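Report on one structure; see the data block that follows.
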Amino acid sequence: MKEIKLTDVGRLKNELAKYKKGRKFDIRLFNQIARLAWLGKIVLCPLGPEDPECKAWLLHMQPLEGLAAEIIRVDEDLNGMPFASQIHILDAEQGAALAAIFREGMEQRTRDLNALNQRDFYFERFFPRGEKP
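Quick note on the working numbering: the sequence shown kicks off at 1 and runs consecutively.
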């Protein structure tokens, strides 16, 4: 855990300003997080909803399970902790991009599930050329 001495007000203000801006992930990590976002495995919320100057986001990633966990790999962070088990402060630009990717993935999964719900497997398999029974 990071320790900030309260006796140095200037340093405290600098640290707070840094947190308000958030962190940019490199391309590799952003792509990994974007894959999780598309699958709906992230939680995003504004860092300071009452502060109009604070545009940063809090980001938490949920671990993948099943087939997705076998196919999609998420790296460990530099400190050796599983990257997905941490809460991150993300900058405004990347946070907004991840929110859009999250929405896009949810809309696509909804379309796929609706199509699956409407699909008639029996007639596709036993009457493939549109024949009537």
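Every residue gets a Cβ at the ideal spot worked out from N, C-alpha and C, and that includes glycine.
Fair warning: this is a prediction, and the values are worked out from it, not measured in the lab.
Worksheet item: Run through DSSP, which three-state label would Leu12 get?
Response: Shown here, Leu12 sits in a helix according to DSSP, grouped into three states.
Worksheet item: In this structure, does DSSP put Ala115 in helix, strand or coil?
Response: Three-state result, Ala115: helix.
Item to complete: Use the C-beta contact count for Lys24: other C-beta atoms within 10 angstroms, 16 or more gives buried, fewer gives exposed.
Response: Label assigned to Lys24: exposed.
Worksheet item: Which one or two residues does DSSP pair with Trp57 in a beta bridge?
Response: DSSP, once it has assigned bridges, lists Pro46 and Leu90 as partnering Trp57.
Practice prompt. Please state if the CB of Lys20 and the CB of Glu53 are separated by a distance shorter than 9 Å.
Written response: In contact: Glu53 and Lys20 (Cβ atoms closer than 9 Å).
Worksheet entry | Host alpha helix (DSSP H) of Phe121 (start-end) | Its alpha helix (DSSP H) spans residues Phe121 to Phe126.
Practice prompt. Pull up the distance between the alpha-carbon of Asp120 and that of Glu70, whole angstroms please.
Written response: Those two C-alpha atoms are separated by around 30 Å.
Worksheet item: What residues in its chain sit with their C-beta under 7 Å from that of Lys41, if we drop five residues either side in the sequence?
Response: Cβ within range, chain order: Met61, Gln62 and Leu64.
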